[in-house]
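See below for the structure under consideration.
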Amino acid sequence: MNPGITNVYITTSHRFSRLVVDSTKPLNFSVIKNTPKNYEIILDGPLIMAPDTIKVFDGLVNTIEVTEKHQKSVIAVYLKKPCTFQVKLEGQVPARLIVLFDRSFIKNLLNNRVFLIDPGHGGKDLGYKGYINLLEKNVVMDIANYLKQELILYGAQAVMTREKDIVLSLNERINTAILLEAEMVISLHVNWDKNIGVRGAKGTYFGEPGKILCEAILEEMKKKSKLQNLGVDEATKLWKIPESHYLKKIPYACIKVCTISNPIEEGWLRSPVFKKGLADAMVNGIVNYYLGNKKD
Ligand SMILES: [Zn+2]
Numbered sequence: 023m024n025p026g027i028t029n030v031y032i033t034t035s036h037r038f039s040r041l042v043v044d045s046t047k048p049l050n051f052s053v054i055k056n057t058p059k060n061y062e063i064i065l066d067g068p069l070i071m072a073p074d075t076i077k078v079f080d081g082l083v084n085t086i087e088v089t090e091k092h093q094k095s096v097i098a099v100y101l102k103k104p105c106t107f108q109v110k111l112e113g114q115v116p117a118r119l120i121v122l123f124d125r126s127f128i129k130n131l132l133n134n135r136v137f138l139i140d141p142g143h144g145g146k147d148l149g150y151k152g153y154i155n156l157l158e159k160n161v162v163m164d165i166a167n168y169l170k171q172e173l174i175l176y177g178a179q180a181v182m183t184r185e186k187d188i189v190l191s192l193n194e195r196i197n198t199a200i201l202l203e204a205e206m207v208i209s210l211h212v213n214w215d216k217n218i219g220v221r222g223a224k225g226t227y228f229g230e231p232g233k234i235l236c237e238a239i240l241e242e243m244k245k246k247s248k249l250q251n252l253g254v255d256e257a258t259k260l261w262k263i264p265e266s267h268y269l270k271k272i273p274y275a276c277i278k279v280c281t282i283s284n285p286i287e288e289g290w291l292r293s294p295v296f297k298k299g300l301a302d303a304m305v306n307g308i309v310n311y312y313l314g315n316k317k318d
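Each number in my numbering corresponds to the 1-based position in the sequence shown with 22 added.
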């Protein structure tokens, strides 16, 4: 079998973004640092696979470009943030080159922070309903659970306003945030529109920190889940609730994750992979908020 690259992909855990390069035989390679956020791995063998651009957006690795130049394979890695990495080799025929990019900066940012996740509606309050009868109260609960699990993996304390299918008033939800002294509150809802063609995600904020958080989360959801960003607006109904000034001081974001009245997006909301992807994108947005929402 001719030497060459057969497969390039990335898997992400809370510790590492793990780049895997499979080849038919072990190949000589070199790693070139073009900038602190751009590395090239050059392997002594052609591509057996097609050239590819992989959109990763896992909070550390943005994209990977796989190309061939003069019988050599070039794997360009574009990072969101400079980080350390280690290289490992596995196997002989086939062979595997693994590059582990260190994600510990995320844990350092989120460790011990107190998050309140607030899945909307519950109990007899069903929220919106899709054409094929998907209920908002259940969808947002699934996403809230994924988000909670992710935040806990990064060492954060994540609490939910409801763990069960129960009715909660807005006041009860706000009081939980105050009692918990939550540093950040994320409410989860879906969008609904009488026009069946409308698609995308929206955000509602109360104070200035929340506006920045909303925009950071929607931006990441657009990159990762290809959701149209329908923009943000202010939660004016909170003006009437005296306790809600707590939500004004902290980053409070109400994210309408998808438009359930659109049958395509309702379909997406049935997929566990899609819902987990939304939670991952939200964590990326939260990280960007703490990094100062720098665009890159
Ligand atoms: Zn809702």
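All C-beta atoms, glycine included, are put in the ideal place defined by N, C-alpha and C. Note that this is a predicted model, so its numbers are computed, not measured.
**Prompt:** Ordered along the chain, which non-local residues of its own chain (more than five positions away) have a Cβ less than 6 Å from that of I308?
**Reply:** none
**Request:** Excluding the 5 residues preceding and the 5 following T75 in the sequence, name in chain order all residues of the same chain whose CB lies nearer than 8 Å to its CB.
**Result:** T85, I86, E87 and V88
**Asked** Would you say the beta carbon of K146 comes nearer than 8 Å to a heavy atom of ligand 1?
**Response** no
**Prompt:** Within the present structure, is the beta-carbon of K170 separated from the nearest heavy atom of ligand 1 by less than 8 Å?
**Reply:** no
**Message:** Any contact between the stretch 274-289 and the stretch 205-221? By contact I mean 3 or more CB pairs, one from each, below 8 Å.
**Reply:** yes
**Message:** Assuming the contact rule is C-beta atoms closer than 8 Å, I27 and S95 should be a hit. Round their C-beta distance to whole Å, please.
**Reply:** 5 Å
**Asked** Apart from the five residues on each side of it in sequence, which residues of its chain come closer than 7 Å, Cβ to Cβ, to K55?
**Response** Y61
**Message:** Taking 8 Å as the cut-off, is the C-beta of G222 nearer than that to any heavy atom in ligand 1?
**Reply:** no
**Asked** Across which residues does DSSP place L41 in a beta bridge pair?
**Response** I32 and V121
**Request:** Jot down the residue ranges of each uninterrupted beta strand (DSSP E) in the stretch 194-230, minimum 3 residues, whole runs only, in chain order.
**Result:** 206-213 and 223-227
**Message:** Going by the DSSP bridge assignment, what does Y274 pair with across the sheet?
**Reply:** V207
**Asked** Are the stretch 165-174 and the stretch 145-152 touching, with three or more C-beta to C-beta distances below 8 Å?
**Response** no
**Asked** Near V109, what residues of its chain come up, given a Cβ to Cβ distance below 6 Å and the 5 sequence neighbours on each side ignored?
**Response** V121
**Message:** I'd like to confirm something about K151: is its beta-carbon nearer than 8 Å to some heavy atom of ligand 1, or not?
**Reply:** no
**Prompt:** Can you name the start and end residues of the beta strand (DSSP E) that K248 belongs to?
**Reply:** Taken as a continuous stretch (DSSP letters only), K248 belongs to no beta strand (DSSP E), as it is neither H nor E.
**Request:** Let me know the secondary structure DSSP gives N310 once reduced to three states.
**Result:** helix
**Asked** Contact check, E172 vs D302 under 8 Å by CB: the rounded distance?
**Response** 7 Å
**Prompt:** Can you tell me where the beta strand (DSSP E) with D187 in it begins and where it stops?
**Reply:** Note, D187: premise wrong, no beta strand (DSSP E); not H, not E.
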